[in-house]
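Participant: As you go down the protein sequences, you meet chains A and B in turn. Start counting the first sequence at 1; every next residue gets the next number (this note's numbering). Start counting the second sequence at 1001; every next residue gets the next number (this note's numbering).
Number of protein chains: 2
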Amino acid sequence: MYLASLGKLALGSRLKALSDHFYGAADEVYQTLGARIESRWLPVLRYLWDTGPSSVTEVAAAIGQTHSAVSQLTDKLVRAGMVRRRRDPADGRRSVLVLTDKAHASLAELGPVWCAVRRGVSRSLEEHALRLLDAIEACERALQERPVAEAILVEHAVIKATPLQIVPYAPELREHFYRLNAQWLERYFRIEDIDRAVLNDPEHYILQPGGAIFFAQLGEEIIGTCALLQESPGVFELTKMGVDETFRGLGAGKRLLEACIAEFHRRDGQTLFLESNSRLNTALRMYEKAGFVLQPSVRPGSHYERADVYMIYKPR
Amino acid sequence: MYLASLGKLALGSRLKALSDHFYGAADEVYQTLGARIESRWLPVLRYLWDTGPSSVTEVAAAIGQTHSAVSQLTDKLVRAGMVRRRRDPADGRRSVLVLTDKAHASLAELGPVWCAVRRGVSRSLEEHALRLLDAIEACERALQERPVAEAILVEHAVIKATPLQIVPYAPELREHFYRLNAQWLERYFRIEDIDRAVLNDPEHYILQPGGAIFFAQLGEEIIGTCALLQESPGVFELTKMGVDETFRGLGAGKRLLEACIAEFHRRDGQTLFLESNSRLNTALRMYEKAGFVLQPSVRPGSHYERADVYMIYKPR
DNA sequence: AACAAATACGTAAGCGCTAACGTATCTCTG
DNA sequence: CAGAGATACGTTAGCGCTTACGTATTTGTT
């Protein structure tokens, strides 16, 4: 599922899909069991069933919809003979919704069905059903306290106001070198032995052989890294590029790449290559834009299992 | 929020509401930041951005929608100048969607916005955002393997085929007496000292003073209980009624109530009363139907903090 | 008591999506 | 190679909901 890869960017779409799925399942159940009810009716009917005759606005507030939605749904329920509209004698504006006898009878019969729904959901989703419900509830509460749009705008303002710098390696940044690379390695592949060695001791494996390491720093935070490894005299490998997932999109990767290429030229390098994996679309596109050219086959004698892409830098 | 009380019955509605919330928040952000994009476009645009020109069906499959939806959305994107339709030279049926230069430019500018979205969501929802994402993913997977509608129908068939019996107290059922009552006590109130004592030793507190305890048994499973407590000679209290939340709707409560009332008559009781709480709507309605009449004030000298309803049995 | 403001609710138009259908094109089979 | 079936995709109608608006009624203010 592609949407999963978008993470928090596509929450709306995924929730919608899940929502439709549950509505559909409920309707399928009601239909095959011959219950004369639709899944969309349930909140209104159950509310009237639980709390007795109520006005349109009251129902709307309880089930979290607009009064228009309830009003239109009421039209349908009236047509289906489940609800009657009554004028409130105490307040002529209000229209009180009352369940008909037919509705009471229908709902009374639905007890076992609802029981089956609860148990079926539990059986199908196992413990995930409860986790989903908990998460929904927690999010509903959190959103009321801290509206997400506001929080996003604040973050955007902060990001825009914070300078993005590229800084060279310093011993106290070593842990970031590990962290930033472990993130994508664990996510897409697994950390190979050669990775662990290099990430734990970059000074020995990268700097000593005549390489360089850069970090992208947003304000005080280290959000990305990239290394230039001298493989043999004049031959450099671009490697260990990693940008914190939550900070993608700020151009840190591009800036790091530029820094490495500049360093490569500064050292009068002859060849600059890189190895990567075809699943890392965005990274590959970035390499291409920076001047790397895809080679027809993988690099002979590659150190990495995951490497199925081989690119060489050909400045235009 | 009323929907929360429906639990798994209203999953669809709650997911829809959350979904709309996120879509709305995203649109608000895009608008105030002047981005010429709408939240609903994102899956399609990002997919084309990530994987290059693609056919309608391909996009639809990736983002989990129908080809019609993608086709119609494409109309809008074409009108907005973000996408071009191109015939696939290799297959005349296919219409390949290609991002325009304008779209590339717009999307390139959106990097920081998406970064802000991810971080804003995290800030607003804190750790719940990840929990929600995990739960969604787990449910998506589970639903593919075990369709929920099917599971519900199976449960329904099982429930319908399993007899519901009312059985009297037996020592080996004591733990169920505690479990079933603790469930609703913990959910709505808290367990008072008097509850703990009675629930742990019902033989001493209920049976010895001349009371009775019944259990509702569905097949092999104990799903509900109810007790008749002799308060003084001929005066009985209906108490400790509890039905497993996942088995509500099968009529177990009603059957238990009938059993208690029958027992009350069998013992030639004079008075039968109960104390309850106004929040327990469904229970109160059941008591009323069974012949209990709401009294104008709480019972003098009640044992319970939570009791704000007092009813006396008046057979018709 | 008079009247502006607020409230309750219905209606209309529109949006995003689906299901159903029609058409064009491709693929497979004999 | 003909033709049946499959596939790709656009179009239409309709559903569920929203926003915007209009009307009736109540509430609050002076």
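Glycine is no exception: its CB is placed at the ideal position from the N, C-alpha and C atoms.
#1: What number of angstroms, rounded off, separates the C-alpha of Glu137(A) from the C-alpha of Ala1004(B)?
#2: Does the distance from the CB of Leu1274(B) to the CB of Glu1237(B) come in under 8 Å?
#3: So if DSSP puts Gln230(A) in a beta bridge, which residue, or which two residues, is it bridged to?
#4: Say whether chain A places a C-beta atom closer than 8 Å to the C-beta of Leu1274(B).
#5: Does the segment 1248-1261 of chain B come close enough to the segment 1271-1286 of chain B to have 3 or more Cβ pairs within less than 8 Å?
#6: Count the other C-beta atoms from every protein chain shown that fall within 10 angstroms of the C-beta of Ser68(A), then say buried if there are 16 or more, exposed otherwise.
#7: Where does Asp1020(B) sit, in a helix, a strand or coil, going by DSSP?
#8: Does any CB atom of chain B fall closer than 8 Å to the CB of Ser54(A)?
#9: Tell me whether Arg242(A) sits in a helix, a strand or coil according to DSSP, three-state version.
#10: Take every Cβ of the segment 1105-1116 of chain B, pair it with every Cβ of the segment 155-170 of chain A, and state whether three or more of those distances are shorter than 8 Å.
#11: What do you get for Ile1191(B), buried or exposed, if any count of 16 or more other CB atoms within 10 angstroms of its CB means buried?
#12: Could you tell me the alpha carbon to alpha carbon distance between Tyr1002(B) and Leu218(A), rounded to whole angstroms?
#13: May I have the straight-line CA-CA distance separating Thr271(A) from Lys240(A), to the nearest angstrom?
#14: Can you pull the DSSP bridge partners for Ile1166(B)?
#15: I'd like to know if Asp91(A) contacts chain B, where contact means its C-beta is closer than 8 Å to some C-beta of that chain.
#16: State yes or no: is the C-beta of Ile206(A) within less than 8 Å of the C-beta of Ala216(A)?
#17: Quick one: which residues of the segment 74-89 of chain A get their C-beta closer than 9 Å to a C-beta of chain B? List them in chain order.
#18: In whole angstroms, what separates the C-alpha of Leu1048(B) from that of Leu1099(B)?
#19: Identify, in the order they occur along the chain, each residue of the same chain with its Cβ nearer than 7 Å to the Cβ of Pro1043(B), setting aside the five sequence neighbours on each side.
#20: State the start and end residues of the unbroken beta strand (DSSP E) segment that holds Ile312(A).
#21: So, for Glu1305(B): in the same chain, excluding its five sequence neighbours on each side, which residues have a beta-carbon less than 7 Å away from its beta-carbon?
#22: Give the interface partners of Ala1116(B) over in chain A, defined as CB-CB distance under 7 Å, in chain order.
#23: Is DSSP giving Arg306(A) helix, strand or coil here?
#24: Could you check whether Val83(A) and Ala108(A) sit closer than 8 Å to each other, using their CB atoms as the reference points?
#25: Please list the residues of the segment 1276-1301 of chain B that have a C-beta atom closer than 8 Å to any C-beta atom in chain A, keeping them in chain order.
#26: Taking only the alpha-carbon atoms, compute the straight-line gap between Ala61(A) and Ser54(A) and give it to the nearest angstrom.
#27: Does DSSP put Ser95(A) in a helix, in a strand, or in coil?
#28: Can you give the Cα-Cα distance for Ile1317(B) and Leu1229(B), rounded to whole angstroms?
#29: For the alpha helix (DSSP H) holding Ser1276(B), just list the boundary residues, first then last.
#30: Would you grab the beta carbon distance between Ser1106(B) and Arg1036(B) for me? Rounded to a whole angstrom, and I think it's under 8 Å.
#31: Does DSSP put Leu130(A) in a helix, a strand or coil?
#32: Starting from Arg87(A), follow the beta strand (DSSP E) in both directions and report where the run begins and ends.
#33: Would Arg196(A) be called buried (16 or more neighbouring beta carbons within 10 Å of its own) or exposed?
#34: Taking only three categories from DSSP, how would you classify Phe1189(B)?
#35: In angstroms, rounded to a whole number, what distance separates the CA positions of Gly12(A) and Trp1041(B)?
#36: Given Val198(A), which residues of its chain have a CB within under 6 Å of its CB, disregarding the five upstream and five downstream residues?
Facilitator: Straight from the coordinates:
#1: Taking the first residue of the first sequence as 1, we reach residue 137(A) at position 137. Taking the first residue of the second sequence as 1, we reach residue 1004(B) at position 4. Cα to Cα, the separation comes out at about 8 Å.
#2: Indexing the second sequence from 1 puts residue 1274(B) at position 274. Indexing the second sequence from 1 puts residue 1237(B) at position 237. Taking 8 Å as the Cβ cut-off, Leu1274(B) and Glu1237(B) qualify as a contacting pair.
#3: For the purposes of this step, residue 230(A) is taken as residue 230 along the first sequence, with counting starting at 1. Phe236(A).
#4: As a working mapping, residue 1274(B) is identified with position 274 in the second sequence. For Leu1274(B), the answer is no, since every Cβ of chain A falls outside 8 Å of its Cβ.
#5: Here the segment 1248-1261 of chain B lies against the segment 1271-1286 of chain B, with 3 or more beta-carbon pairs under 8 Å apart.
#6: On the first sequence, residue 68(A) is found 68 positions in, with the first residue counted as 1. So Ser68(A) counts as exposed.
#7: On the second sequence, residue 1020(B) is found 20 positions in, with the first residue counted as 1. Correct three-state label for Asp1020(B): helix.
#8: Taking the first residue of the first sequence as position 1, residue 54(A) is located at position 54. Using a Cβ-Cβ cut-off of 8 Å, Ser54(A) does not count as an interface residue toward chain B, since no Cβ of chain B sits closer than that to its own.
#9: On the first sequence, position 242 is the one that residue 242(A) refers to. Here residue 242(A) turns out to be Gly, not Arg, going by the sequence shown. Strand, per DSSP.
#10: A contact exists between the segment 1105-1116 of chain B and the segment 155-170 of chain A.
#11: The count along the second sequence starts at 1 and reaches residue 1191(B) at position 191. Ile1191(B) sits exposed, since fewer than 16 C-beta atoms from the chains shown fall within 10 Å of its C-beta.
#12: Working through the second sequence from its first residue, we reach residue 1002(B) at position 2. Working through the first sequence from its first residue, we reach residue 218(A) at position 218. One C-alpha to the other measures close to 44 Å.
#13: In the first sequence, residue 271(A) corresponds to position 271, counting from 1. In the first sequence, residue 240(A) corresponds to position 240, counting from 1. Roughly 18 Å between the two C-alpha positions.
#14: The sequence position of residue 1166(B) within the second sequence is 166, counting from 1. Answer is Ala1216(B), bridged to Ile1166(B).
#15: The count along the first sequence starts at 1 and reaches residue 91(A) at position 91. Output row for Asp91(A): interface = no.
#16: Mapped onto the first sequence, residue 206(A) falls at position 206. Mapped onto the first sequence, residue 216(A) falls at position 216. In this structure, Ile206(A) lies away from Ala216(A), with their beta-carbon atoms at least 8 Å apart.
#17: Contacts with chain B (Cβ-Cβ distance below 9 Å) from the segment 74-89 of chain A involve no residue at all.
#18: The residue you call residue 1048(B) lines up with position 48 of the second sequence. The residue you call residue 1099(B) lines up with position 99 of the second sequence. Rounded to whole angstroms, Leu1048(B) to Leu1099(B) spans 7 Å at the Cα level.
#19: Position 43 of the second sequence, counted from the start, is the residue given in the question as residue 1043(B). In the same chain as Pro1043(B), and ignoring 5 residues on each side of it, the C-beta atoms closer than 7 Å to its own belong to Ile1063, in chain order.
#20: For the purposes of this step, residue 312(A) is taken as the residue at position 312 of the first sequence. Where Ile312(A) is concerned, the enclosing beta strand (DSSP E) stretches over Val309 to Tyr313.
#21: Within the second sequence, the letter at position 305 stands for residue 1305(B). The beta carbon of Glu1305(B) lies closer than 7 Å to those of Glu1192 in the same chain, with the five residues before and after it left out.
#22: Along the second sequence, one-based indexing puts residue 1116(B) at 116. In chain order: Ile152, Glu155, His156 and Ile159.
#23: Your numbering for residue 306(A) matches position 306 in the first sequence. DSSP places Arg306(A) in coil when its eight states are reduced to three.
#24: Within the first sequence, residue 108(A) is the residue found at index 108, counting from 1. Within the first sequence, residue 83(A) is the residue found at index 83, counting from 1. Not a contact, by the Cβ cut-off of 8 Å.
#25: Cβ contacts with chain A: Asn1281 and Thr1282.
#26: Sequence index remark: in the first sequence, residue 61(A) carries index 61 (1-based). Sequence index remark: in the first sequence, residue 54(A) carries index 54 (1-based). Between Ala61(A) and Ser54(A), the C-alpha separation is close to 11 Å.
#27: Translated into the one-based positions of the first sequence, residue 95(A) becomes position 95. Three-state result, Ser95(A): strand.
#28: Nothing about residue 1317(B) can be reported from this structure: the residues present for chain B run from 1001 to 1316 only.
#29: The residue given as residue 1276(B) occupies position 276 in the second sequence. Premise fails: Ser1276(B) lies in the beta strand (DSSP E), Thr1271 to Ser1276, not in any alpha helix (DSSP H).
#30: By one-based count along the second sequence, residue 1106(B) stands at place 106. By one-based count along the second sequence, residue 1036(B) stands at place 36. Confirmed, about 6 Å.
#31: In the first sequence, residue 130(A) corresponds to position 130, counting from 1. Collapsing the DSSP output to three states places Leu130(A) in a helix.
#32: As a first step, residue 87(A) is located in the first sequence; it is residue number 87 there, counting from the start. Looking at the DSSP string, the run of the beta strand (DSSP E) that includes Arg87(A) is Val83 to Asp88.
#33: Within the first sequence, numbered from 1, the residue matching residue 196(A) stands at position 196. Exposed is the call here.
#34: For the purposes of this step, residue 1189(B) is identified with residue 189 of the second sequence, where counting begins at 1. Reduced to three states, the DSSP call for Phe1189(B) is coil.
#35: As a position in the first sequence, residue 12(A) is number 12, starting the count at 1. As a position in the second sequence, residue 1041(B) is number 41, starting the count at 1. Their Cα atoms are separated by approximately 12 Å.
#36: For the purposes of this step, residue 198(A) is taken as residue 198 along the first sequence, with counting starting at 1. Around Val198(A): Tyr205.
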